[in-house]
Amino acid sequence: MHIPDGFLNTGVSVVTGVAAAGAIGYGLYKAREELDERSVPMLALCAAFIFAAQMLNFPIAGGTSGHFLGGALAAVLLGPWLGGLVIALVLLVQCLGFADGGLTALGANVFNMALIGTILIYYVFHGIKLLLPKSRSAFLAATGVTAWLSVFLASGACAVELAISGTSPLSVALPAMLGIHALIGIVEGAITVLVVGVVLAVRPDLVRTYDYRPVAAGLGEAEVSG
C-alpha cells in the first residue's frame, strides 16, 4: 500500500500532504497532554513492532503478498493521536531509510495509513465498542473488526487517489485494491487481536483504550471513566 513516486499527480500529493501535515501537527499538540511515564515505553515498543512487521510480506493468493499495516494496533494501544504519530514516524523512516514509498507520495501514504487507518479508525473502533457488551472478549472482537476495516478503508483511499491521478481507472483500481486487501485485512485482524490479547493478559493497564477493570473476584469487569 506504500505508493511510490510518480504514481500521484501534483494536486493529489498536495491535498493529501496538507491534510496529513495538519493531522500530524495536531497529533504533536495532543501528545504533550497524553505522553506520560506509562505511554512512552509503550509508544517505543509499538513503533518498533509495527516497523518490523511492515517489513515482512506474507503470501495471500495468486502470487500476491501483503504486509501488516498496524494502524488499528497503534490506535487501540495508544489512542488516535499517539497512534497516528507512530504510524507516521514508521512511514517516514521507511521512506527515507529504505525507499519504501516515494517522498512525493509520503503525504498520501501518511493520509491513508496514519490519518484514515489509525486516527479515523480509532473513532470507528470506539463506536463499535459502545455497541458491544463491556467485556474483554467483546473488546477483542471490536479490535479485530476495526483492524480489518483499517486495511480495507486505507486501500480504498489509495485506489481513489490513483484513479484521480490518472494512474489507473477507478473501475480497475478500486475492486483490485479492495479485493486483495479484504484478504490482507483478515491477517491484520488476527495479528492485532493476538498482540492486544497478550498485552491485556499481562498488563491491561498499558492498553489506553481498555477501560474495563475487574471490580471484585467473581464479579466480572466494570467500566471505569478516564
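For the sequence shown, our numbering gives the first residue as 945, with consecutive numbering after it. Here a beta-carbon is modelled for each residue, glycine too, at the ideal position from N, C-alpha and C.
query: Sufficient close CB pairs (3 or more, under 8 Å) joining the stretch 1053-1065 to the stretch 1019-1029; result: yes
query: Stretch pair the stretch 1068-1075 + the stretch 967-984: three plus CB contacts closer than 8 Å; result: no
query: Touch test, the stretch 1138-1149 against the stretch 1098-1109, Cβ-Cβ under 8 Å, three pairs minimum; result: no
query: Status (buried if at least 16 other CB within 10 Å, exposed otherwise) for Val-954; result: Per the sequence shown, the amino acid found at residue 954 is Thr instead of Val. So Thr-954 counts as exposed.
query: Straight-line Cα distance separating Gly-1088 from Val-1159; result: The pLDDT assigned to Val-1159 is 47, lower than 50, so where the model puts this residue is not dependable; a value taken from the coordinates is nonetheless given after this. Going from the Cα of Val-1159 to the Cα of Gly-1088 covers about 26 Å.
query: 8 Å contact criterion, which Phe-951 and Thr-1111 should meet: CB distance rounded; result: 5 Å
query: Cβ neighbour criterion (16 or more within 10 Å) applied to Ala-996; result: exposed
query: Which listed residue (Lys-974, Leu-1033, Tyr-970) has its alpha carbon closest to that of Gln-998; result: Leu-1033
query: Start and end residues, alpha helix (DSSP H) containing Leu-952; result: Premise fails: Leu-952 is in no alpha helix (DSSP H) and is neither H nor E.
query: Cβ-Cβ separation, Ser-1094 to Leu-1013 (assumed contact under 8 Å), whole Å; result: 6 Å
query: Cβ shell of Asp-949 (< 8 Å), same chain only, five flanking positions each side left out; result: Gly-1046, Leu-1047, Thr-1048, Ala-1049
query: Euclidean distance between Cα positions of Leu-1138 and Tyr-973; result: 31 Å
query: Alpha helix (DSSP H) segment containing Glu-1132, residue limits; result: 1114-1146
query: CB of Leu-1076 within 8 Å of CB of Ala-1085, strictly; result: yes
query: Between the CA atoms of Ser-957 and Met-1057 - distance to the nearest angstrom; result: 15 Å
query: Collapsed DSSP secondary structure at Lys-1073 in the structure displayed; result: helix
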